[in-house]
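For reference, the structure is listed below as structure tokens.
Numbering (the numbering used here), first residue to last: 173 to 585.
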């Protein structure tokens, strides 16, 4: 055989090897693509799972790690109007285990209820007998929720999934305001403006300035020009904390609450009306807790509620992919409408309508979400009305149903 023939044979063999390798690679890629599409399809199917309220409730009751919601409210406030009962309804309908405390508190001014919110819960979490009566285990999560202006719209399983992705224990709702500690953004004002606003500059403290900053874009929430003119008391991202939504382990929450109590007892703590929001921001600065400063868990109105959009009951057909939260879980939705934050693309676990104007948005969204007026003949309504709620009274625990507590306020009896 000539050398030319040998070279030709070698070239053919070489090209055949390359061709076979290409076929192998293409075949492998095709298999991976099919597998990925199948996996994506299964993930999307999970993301659009639509459940009855009892599905979430049964799943949570069977869990060895429950989310224990603690709602602070006094009886007079609960019976005054529908605010507390709407809050309670959303929690129970969402599948949460609910514990009500401060029921016997008698404080005529709303702001006077703030400090007992933390002192009472700190005492509960440090009393083993009460924890036993409440069936709170060391594995559980403690979820402190304001009792009059919150909607819990997604179930405990989704909350636990998102919470576990955060590298921390006690997480409080992110806030643009460092209230009542200080005005944060005044530090960036021009010197002439600072000179004519001495009252603002005198309030600047490190309690608000020395905190971790959000990874979200600074222009996501506020236009820079508008912010500079009208939002002097705020950060452009939710770097601070709001005490209306706080979650953590039993041990972590007990520790942080005790530290908060000590902060409020300090002779240098100067907030009147038994205020505690300032203590939370001091604890944030001290590194005792952290803010949900990327809005992956909660939504707080901060006097603005038009960032929300109600997704209709057919929201299972929608693709929800928050651009700043690539690992966000939207794995299980209730059958009723839910709302999405149009700024972040996130469907929040909980909505806190803090502030004055947002109360209007709270009523509108709650009524749309739960098909107001509630129909007593509805199977779902009857189910929620029959759910047990644990009431902490004089260091003992009593069980009442949602219907017993709120049937009259909600027009269901």
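The beta carbon of each residue, even a glycine, is placed where N, CA and C say it ideally should be.
307 is the residue among 539, 307 and 302 whose C-alpha sits nearest the C-alpha of residue 234.
The beta carbon of residue 385 lies closer than 7 angstroms to those of 409 and 411 in the same chain, with the five residues before and after it left out. In this structure, DSSP gives residue 240 an extended state, which the three-state scheme calls strand. The three-state reading of DSSP puts residue 452 in helix, counting H, G and I together.
Around the beta carbon of residue 271, 16 or more other beta carbons lie within 10 angstroms, which makes this residue buried.
Beta-bridge annotation (DSSP): residue 570 is paired with 563. Around the C-beta of residue 453, 16 or more other C-beta atoms lie within 10 Å, and the residue is accordingly described as buried. Here the alpha carbon of residue 481 sits roughly 42 angstroms from the alpha carbon of residue 437. Counting only the Cα atoms, residue 227 lies some 20 angstroms from residue 548. Listed as beta-bridge partners of residue 273 by DSSP are 244.
Short of 7 angstroms from the beta carbon of residue 483, and not among the five residues preceding or following it, lie these beta carbons of its own chain, in chain order: 490, 509, 510, 511 and 512. Under the three-pair Cβ rule at 8 angstroms, the region 259 to 270 does not count as touching the region 287 to 305. Pairing residue 526 with residue 463 gives a Cβ-Cβ distance that is not under 8 angstroms. Between residue 574 and residue 556, the beta carbon gap of about 6 angstroms places them in contact (Cβ cut-off 8 angstroms). Runs of the alpha helix (DSSP H) spanning 4 or more residues and lying entirely within the region 470 to 551 occur at 530 to 541, in chain order. Secondary structure of residue 290 (DSSP, three-state): helix.
Rounded to the nearest whole angstrom, the CA to CA distance from residue 325 to residue 382 is 33 angstroms.
Residues 548 of the same chain have their beta carbon placed closer than 8 angstroms to that of residue 554, with the five preceding and five following residues left out of the count.
Taking 8 angstroms as the cut-off, the beta carbon of residue 420 is found closer than this to the beta carbon of residue 428. In this structure, the straight-line span from the alpha carbon of residue 342 to that of residue 430 is close to 13 angstroms. Taking C-alpha positions only, residue 238 is separated from residue 265 by approximately 15 angstroms. Remark: C-beta atoms of residue 277 and residue 246 approach each other more closely than 8 angstroms.
DSSP places residue 315 in the strand class (E or B) of the three-state scheme.
When the alpha-carbon of residue 566 is set against those of 344, 416, 465 and 275, the nearest one is in 275.
Secondary structure note for residue 264: its alpha helix (DSSP H) is the uninterrupted segment 255 to 265.
Here residue 470 is actually not in contact with residue 439; their C-beta atoms are around 33 angstroms apart, not less than 8 angstroms. The three-state reading of DSSP puts residue 307 in coil, since its state is none of H, G, I, E or B. Looking only at 518, 442 and 418, the smallest Cα-Cα distance to residue 319 is reached by 418. Rounded to whole angstroms, the Cβ separation of residue 311 and residue 506 is 25 angstroms, and the two are not in contact under 8 angstroms.
Taking all protein chains shown into account, residue 485 has fewer than 16 neighbouring C-beta atoms within 10 Å of its C-beta and is therefore exposed. For the pair residue 322 and residue 541, the Cα-to-Cα distance works out to about 13 angstroms.
Burial state of residue 457 is buried, judged by a 10 Å Cβ sphere holding 16 or more other Cβ atoms.
Taking a C-beta distance under 8 angstroms as the contact criterion, residue 518 and residue 441 do not qualify as a contact pair. Secondary structure at residue 329: helix, using DSSP grouped into helix, strand and coil.
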